[in-house]
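*Asks:* Just dropping this structure here.
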Amino acid sequence: MNPAISCPDFLGVARIQKALPNRVFSLTFRGDALQSLELPSRVWMYKDESNKESLDIAYQGLSKDDIQNANTPLQVAELIHLWAFQKGKVRAKLNLHGSSVESDDFFRGFWLCILSSDLALDFEAPFYSQMKGMPVTCREEKVGKVIDYFETDAHGILIILTLSGDEVMIPFTEAHVNIQPDFSSMEVYQFSDFSA
């Protein structure tokens with residue numbers, strides 16, 4: 000790893016779901032964020048062995064402990080091509096720089112990380128580090144803040160901590176959520192449909 004780059008500058012933008020032929024990989028977790036990059040582009044591959052479902056890498060970046068405690072070292076790859084499909088599904092072709100791994104299935108579950116400075120400023124959807132803690136309103140009244148996010152096969156789900164301390168799950172779709180252009184807050188339509 001380049002010593003001039005501090006670990007928190009790396010953010011996870013996609014996770015490898017499965018390997019396909021010819022070093023093509025199916026991605027999960029908003030892999031479409033990679034479309035903000037100018038290709039070819041350098042990416043770092045990281046295996047989070049502590050908690051497969053944790054999104055801390057996307058929210059907070061990689062810590063020095065993440066790097067030092069990893070059983071599998073951070074690996075550099077080159078992102079060569081992306082294919083975007085319906086419902087945010089993305090496939091990526093990677094050059095793994097002479098990897099000696101026998102099967103690309105080894106990389107299942109790896110995060111593709113990029114430098115936070117490489118994210119395009121005009122990317123249409125906020126990155127997860129921008130959403131965590133974001134105030135949530137409904138009909139111009141504050142109802143809570145974003146505390147977590149997870150993916151389903153259909154779409155993402157936002158977890159909102161309400162002012163009363165309850166956790167509410169909201170579909171992360173245009174039909175349910177509107178994010179301000181400056182990413183300062185989000186409006187949730189029909190919040191009562193999801194709250195207790």
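Position 15 (the sequence shown) corresponds to 14 in numbering that gives the first Met the number 0; numbering is contiguous.
Using N, Cα and C, we set each Cβ at its ideal position, and we do this for glycine too.
Computed from a prediction, not measured in an experiment: that's the story for all the values here.
In whole angstroms, what is the alpha-carbon distance linking S102 and L162?
*Replies:* Residue numbering aside, residue 102 sits at position 103 when the sequence shown is read from its first letter. Residue numbering aside, residue 162 sits at position 163 when the sequence shown is read from its first letter. If I take the Cα positions, the gap works out to 49 Å.
*Asks:* According to the Cβ coordinates, are I156 and P170 closer than 8 Å?
*Replies:* Position 157 of the sequence shown, counting from 1, holds the residue named residue 156. Position 171 of the sequence shown, counting from 1, holds the residue named residue 170. P170 is positioned such that its CB atom lies closer than 8 Å to that of I156.
*Asks:* Is the separation between the beta-carbon of I15 and that of G108 shorter than 8 Å?
*Replies:* Within the sequence shown, residue 15 is the residue found at index 16, counting from 1. Within the sequence shown, residue 108 is the residue found at index 109, counting from 1. Contact flag set, yes.
*Asks:* Considering only their Cβ atoms, is the gap separating F24 from A91 smaller than 8 Å?
*Replies:* As a first step, residue 91 must be located in the sequence shown, where it is residue number 92. As a first step, residue 24 must be located in the sequence shown, where it is residue number 25. Yes, the pair counts as a contact, with Cβ atoms nearer than the cut-off.
*Asks:* N39 to E140, Cα distance in whole Å?
*Replies:* Locating residue 39 in the sequence shown gives position 40, counting from the first residue. Locating residue 140 in the sequence shown gives position 141, counting from the first residue. According to the sequence provided, residue 39 is Pro. The question's Asn does not apply to it. Computed Cα separation, rounded: 44 Å.
*Asks:* In the DSSP output, what is N177 paired with across the bridge?
*Replies:* As a first step, residue 177 is located in the sequence shown; it is residue number 178 there, counting from the start. Paired residue(s): E186.
*Asks:* So what does DSSP say about D104, is it helix, strand or coil?
*Replies:* For this step, residue 104 is matched to residue 105 along the sequence shown. DSSP places D104 in helix when its eight states are reduced to three.
*Asks:* Compare the C-alpha of A18 against each of D104, S115, D147, D8 and name the closest.
*Replies:* As a position in the sequence shown, residue 18 is number 19, starting the count at 1. Nearest C-alpha to A18: D104.
*Asks:* Go to N68, then tell me how far its beta strand (DSSP E) extends in each direction, as first and last residue.
*Replies:* As a working note, residue 68 is residue 69 in the sequence shown. Not the beta strand (DSSP E): N68 falls in the alpha helix (DSSP H), residues 63-68.
*Asks:* Spatial neighbours of S98 within its chain, please: C-beta separation below 6 Å, excluding the five flanking residues on both sides.
*Replies:* Locating residue 98 in the sequence shown gives position 99, counting from the first residue. Nothing listed; no residue qualifies.
*Asks:* Considering only their Cβ atoms, is the gap separating H175 from V167 smaller than 8 Å?
*Replies:* The residue labelled residue 167 in the question sits at position 168 within the sequence shown. The residue labelled residue 175 in the question sits at position 176 within the sequence shown. Going by C-beta atoms, V167 is not nearer than 8 Å to H175.
*Asks:* Report the start-end ranges of each beta strand (DSSP E) in the region 9-46 that is 3 residues or longer and not cut off at the edges.
*Replies:* 9-19, 23-27, 40-46
*Asks:* Starting from the Cα of L81, find the closest Cα among L10, P180, E37 and give me that residue.
*Replies:* One-based indexing of the sequence shown puts residue 81 at position 82. Comparing Cα-Cα distances from L81 to each of L10, P180, E37, the minimum goes to E37.
*Asks:* In angstroms with no decimal places, state the Cα-to-Cα distance between M44 and L73.
*Replies:* As a first step, residue 44 must be located in the sequence shown, where it is residue number 45. As a first step, residue 73 must be located in the sequence shown, where it is residue number 74. When rounded, the distance between both Cα atoms is 6 Å.
*Asks:* Take K46 and list the residues in its own chain whose beta-carbon comes closer than 6 Å to its own, dropping the five residues that flank it on each side.
*Replies:* For this step, residue 46 is matched to residue 47 along the sequence shown. Only T71, F109 meet the Cβ criterion.
*Asks:* Expressed to the nearest angstrom, what Euclidean distance is found between the alpha-carbon atoms of H154 and K88?
*Replies:* As a position in the sequence shown, residue 154 is number 155, starting the count at 1. As a position in the sequence shown, residue 88 is number 89, starting the count at 1. As the crow flies, the alpha-carbon of H154 is around 10 Å from that of K88.
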